[in-house]
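S.K.: Please read through the structure below; I'll follow up with questions.
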Amino acid sequence: MKKTITDQLSLGWFWVSGLLILVILLAIILYLIWRGGPFISSQFILDSPHGVPLGTEGGIFPAIKGTLWLIVLALVISIVPGLLTAMYLSEYGRSGRLAEIINLLVQSMAGVPSIIIGLFVYALGVVTLGWGISLLAGGLALAIMIFPVIVISSRDALLAVDKNYRLVANSLGVSKSYTLYRVILPRAAAGITAGVLLSLGYAAGATAPIMVTAAAFVASSSGALLEPVMALPYHLYILFNEHISLNHAYATALVLVTLVLFLNILALSLSSWQERINKQ
Amino acid sequence: MNAVEFIDFNTFYGPKAILQNINVEFASNSITAIIGPSGCGKTTLLRSINRTAEMEIGFKSQGDIKVLGKSIKEYKNVSLLRRRVGMVYQIPVALPLSIRANVLFGPKYYGVKRHSDLEAITEKCLRQVALWDEVKDRLKRPAAQLSGGQKQRLAIARALAVEPQVLLLDEPCSSLDPASTGLIEELLTQLAEGLCIIIVTHNLFQARRISNETAFILDGQLIEKAPTQKLFESPDSPKTRGFVSGLFG
């Protein structure tokens, strides 16, 4: 078929847009490597911040640890309710009234600005329940933030499983949960994991929810639930905002971006694997 | 005895009437073919029997169907009904499990646990569909590796594994090559002993080859049901005559 002028113009526009995004992304990474790369060392990764003012020397180990603690805690809190909600939406609620309402709620939750979530957890956990600025409060705020992401991506992974499996299982008279655990969940596992990893990358980079709930500029990040933690995005923000050390800010940014990129690449390879499974 | 009996049965999708006033019986130990043009309600009729039609949104029914003498509404647990009424679909579906696990998908749910019993069911059902010799060395391999015809025979074996008394088939051969079709037709004829088989088919030759009786449905109404030879050679209704002689389709 002959391509029309409109087709060619749109195709050209797609290419330009795609290249533009790629160029921006590469520029960010290359710039970070250029500015931050020289300051990355084993000491920077494995040491605590030192110097006067604090952060000009030493490293960011507690911040790396703190960020990992935060996303693991967010995962632990959100994974079970997230998966159960997704399973309800894809297998049980199917276009019923309740499922419609839950879908709407989850969509709206995804649209709540993350600072609002942070302030909510501040009011509830930090103040009312008396947790103080703590790992627990930050983990909860991040869990609330990634919950809709986990629900939506898991629901879609479950719905992408061949409908004929459900048809066949139904006609054998077996229960929905038997079908779900024997066939549907194993089949969607890679897609669900990919969605969860993406949400963890999202949580690792989020600054607003932890600023008011969990983050301290100096902390040991021991993993104690009721103590404040250091976190990469917050550390970066302070280094930059207080003009402590631009060099260390760039190096911290590079570490954070590497962590998030690693999670995203893992997620992408899992989801392309899932697509191949679905085509079988 | 009649395995399946429709009594003044009507179905609707939203406001639209699909099946109208169906009264028909299907005998045990025989194959009944259901023929009719696309969209006439053949599949709805089939899926009403094991109550999978009602899973569609907007589906409603009036009247009754009796399976083995008991109204389908009286089966408190729909899984009990579906255990007695097996179903095979148009597209050959292999569950993403091993060949053996496909056959045992139903029996394991219904509580068969002993290893020797499970082995026996696997072999018996795969033999019934003439698949045993082809797959006995690779029972633990993924069923997805089978060909379309093999998958369809596996689907029949999976349905047979829960020992149904009625077997519904919705155009089971329409996506298969002639050789696989021939094989399935042959095994259906063998299975008819002890089973009530109801098969929806677009292929009039197939209906003629394998069925004892044939029912002709047009626009949601049962026009005629008769012994297959009679229905094709000297039908009572001029509409049936027109359809089987290919005047409309």
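As you go down the protein sequences, you meet chains A and B in turn.
The opening residue of the first sequence carries number 3 in the working numbering; numbering runs sequentially from there.
The opening residue of the second sequence carries number 5 in the working numbering; numbering runs sequentially from there.
Where is the CB? At the ideal position from N, CA and C, for every residue including glycine.
Values in this document were obtained by computation on a predicted structure and should not be read as measured data.
1. Taking the alpha-carbon positions, what's the S179 (chain A) to T15 (chain B) distance?
2. Does the beta-carbon distance from Y167 (chain A) to I186 (chain A) come in below 8 Å?
3. Does any C-beta atom of chain B lie closer than 8 Å to the C-beta of G175 (chain A)?
4. Is Q233 (chain B) closer than 8 Å to G200 (chain B) when the C-beta atoms are compared?
5. Can you find a CB in chain A that lies within less than 8 Å of the CB of S52 (chain B)?
6. Excluding five sequence neighbours on each side, which residues of the same chain lie with their C-beta closer than 7 Å to the C-beta of N106 (chain B)?
7. Can you name, in chain order, every residue of its own chain whose Cβ lies under 8 Å from the Cβ of I240 (chain A), other than the five neighbours on each side?
8. May I have the straight-line CA-CA distance separating S271 (chain A) from V257 (chain A), to the nearest angstrom?
9. Can you give me the start and stop residues for the alpha helix (DSSP H) that S238 (chain B) sits inside?
10. Could you run through the region 166-194 of chain A and flag, in chain order, every residue whose CB is less than 8 Å away from some CB of chain B?
11. Check the C-beta distance from L164 (chain B) over to G250 (chain B) and give it rounded, since I have them as a contact under 8 Å.
12. So Q225 (chain B) and Q24 (chain B) are in contact, right, with Cβ under 8 Å, and what is the actual spacing, rounded?
13. Please name the residue in A:V78, A:S273, A:P64 whose C-alpha comes closest to that of R189 (chain A).
14. If I follow the unbroken alpha helix (DSSP H) through V176 (chain A), where does it start and stop?
15. Quick one: does I61 (chain B) have its CB under 8 Å from some CB of chain A?
16. Measuring only the C-alpha atoms, how far is L182 (chain A) from A191 (chain A)?
17. To the nearest angstrom, report how far apart V18 (chain A) and I30 (chain A) are at their CA atoms.
18. Which residue from B:Y113, B:R104, B:I103 puts its Cα closest to that of G175 (chain A)?
19. Please compile the residues from chain A whose C-beta is within a distance smaller than 8 Å of the C-beta of Y17 (chain B).
20. With distances taken Cα to Cα, identify the nearest neighbour of G132 (chain A) among A:E93, A:L228, A:A65, A:F16.
21. Just verifying my parser: in three-state terms, what is the DSSP assignment at L258 (chain A)?
22. Applying a beta-carbon distance threshold of less than 7 Å, which residues of chain E neighbour L99 (chain B)?
23. Should the region 75-92 of chain B be called in touch with the region 140-148 of chain A, which here means at least 3 C-beta pairs below 8 Å?
24. In the structure shown, what three-state DSSP assignment does L173 (chain B) receive?
25. On the three-state DSSP scale, how would you describe V8 (chain B)?
26. Give me the Cβ distance between G43 (chain B) and F220 (chain B), rounded to the nearest whole Å; I'm assuming they're in contact under 8 Å.
27. Shorter than 8 Å from the beta carbon of S136 (chain A) to some beta carbon of chain B?
28. Can you tell me the Cβ-Cβ gap for L142 (chain A) and V129 (chain A), rounded? I've got them flagged as a contact below 8 Å.
29. Find out if the Cβ-Cβ distance for the pair G68 (chain A), S156 (chain A) is shorter than 8 Å.
30. Which word fits K3 (chain B), buried or exposed, when buried means at least 16 other C-beta atoms lie within 10 angstroms of its C-beta?
31. Give the secondary structure of T185 (chain B) by DSSP, where H, G and I count as helix, E and B as strand, and everything else as coil.
32. Taking only the alpha-carbon atoms, compute the straight-line gap between M89 (chain A) and L160 (chain A) and give it to the nearest angstrom.
33. Kindly identify the DSSP beta-bridge partner or partners of T218 (chain B).
34. Identify the continuous beta strand (DSSP E) that holds M89 (chain A) and give its terminal residues.
35. Whose C-alpha, out of B:N6, B:S34, B:Y17, B:R51, is nearest the C-alpha of P231 (chain B)?
36. Starting from M147 (chain A), follow the alpha helix (DSSP H) in both directions and report where the run begins and ends.
M.R.: Checking against the coordinates, here is how it stands:
1. 29 Å
2. yes
3. yes
4. Here residue 200 (chain B) turns out to be Cys, not Gly, going by the sequence shown. No.
5. no
6. A98, L99, A147, L158, R162
7. G57, F219, I246
8. 21 Å
9. Unbroken run through S238 (chain B): none, as it is neither H nor E.
10. N166, Y167, L169, V170, A171, N172, S173, L174, G175, V176, S177, Y180, R184, V185, P188, R189
11. Actually they are not in contact, since the Cβ atoms of L164 (chain B) and G250 (chain B) sit about 34 Å apart, beyond 8 Å.
12. 5 Å
13. A:S273
14. First-last for V176 (chain A): undefined, no H or E at that position.
15. yes
16. 11 Å
17. 18 Å
18. B:Y113
19. In chain order: nothing, as chain A lies at least about 15 Å away.
20. A:L228
21. helix
22. You won't find chain E in this structure, because its protein chains are A and B.
23. no
24. strand
25. strand
26. At roughly 15 Å, the Cβ-Cβ gap does not stay under 8 Å, so G43 (chain B) and F220 (chain B) are not in contact.
27. no
28. Actually they are not in contact, since the Cβ atoms of L142 (chain A) and V129 (chain A) sit about 13 Å apart, beyond 8 Å.
29. no
30. Residue numbering for chain B in the displayed model covers 5 to 253; residue 3 (chain B) lies beyond these limits and cannot be assessed.
31. helix
32. 8 Å
33. B:A37, B:A230
34. Premise fails: M89 (chain A) lies in the alpha helix (DSSP H), 63-89, not in any beta strand (DSSP E).
35. B:S34
36. 137-161
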